[in-house]
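Numbering (the working numbering), first residue to last: 18 to 162. Structure record follows, encoded as structure tokens.
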């Protein structure tokens with residue numbers, strides 16, 4: 018039955034991944050600005066609100082829908098050749114992406130608690146993690162090596 022809805026599930030998956038990735042690119046950038054530009058308590062509160070809303074309203078639902086629709090496609094018989102390397106590299110990168118999401122969520126909590134010790138430079142470097150993972154995922158799915 019899932020096979021009949023494959024294209025709809027795939028479209029939903031692509032939209033969810035785009036939304037999730039947008040958040041994964043933007044949240045660490047907000048952390049950079051939070052560290053480097055939020056001198057007063059008022060600005061820190063503004064950044065905390067932006068970070069919390071991005072995570073709760075966009076990133077978390079997008080991640081859940083991306084995972085759910087991805088698992089729905091995995092459940093379609095014959096869609097994935099499990100003897101190939103690509104599903105495993107995609108899955109490993111997906112676990113990395115989920116870890117990065119959780120890392121961002123934890124960093125947001127640390128900001129809320131007033132305990133951030135990381136620098137803008139650290140957040141800039143971490144901002145490259147989703148790019149590397151995205152490259153692995155896209156190459157895995159499109160090239161199917």
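Ideal placement from N, C-alpha and C gives every residue a C-beta, glycine not left out.
Two segments are said to touch when three or more pairs of C-beta atoms, one from each, lie closer than 8 Å; by this definition the segment 140-155 touches the segment 37-44.
Nearest to residue 115 by C-alpha distance, out of 84, 48, 60 and 47, is 84.
Here residue 70 is exposed: its Cβ has fewer than 16 other Cβ atoms, across all protein chains shown, within 10 Å. In this structure, the straight-line span from the alpha carbon of residue 100 to that of residue 160 is close to 15 Å. Taking residue 55 as the centre and dropping the five residues before and after it, the same chain places the C-beta of 61, 63 and 64 closer than 8 Å to its C-beta, in chain order. Close CB contacts of residue 92 within its chain, under the 8 Å cut and outside five residues either way in sequence, are with 19 (chain order). By the criterion of a C-beta distance shorter than 8 Å, residue 87 is surrounded in its chain by 30 and 111, once the five residues flanking it on both sides are discounted. If you look at residue 31, you'll find it in the alpha helix (DSSP H) that goes 23-54. The Cβ neighbour count for residue 46, taken over all protein chains shown within 10 Å, is under 16; the residue is labelled exposed. Each of 26, 22 and 162 was checked against the Cα of residue 105, and the nearest Cα belongs to 162. Residue environment for residue 154: buried (at least 16 other C-beta atoms within 10 angstroms of its C-beta). Here DSSP, grouped into helix, strand and coil, assigns residue 102 to coil.
Your pair residue 68 and residue 138 does not check out as a contact, with CB atoms roughly 19 Å apart and the cut at 8 Å. Exclusion of the five residues before and after residue 157 leaves 103, 106 and 107 as the residues of its chain whose Cβ lies within less than 6 Å of its Cβ.
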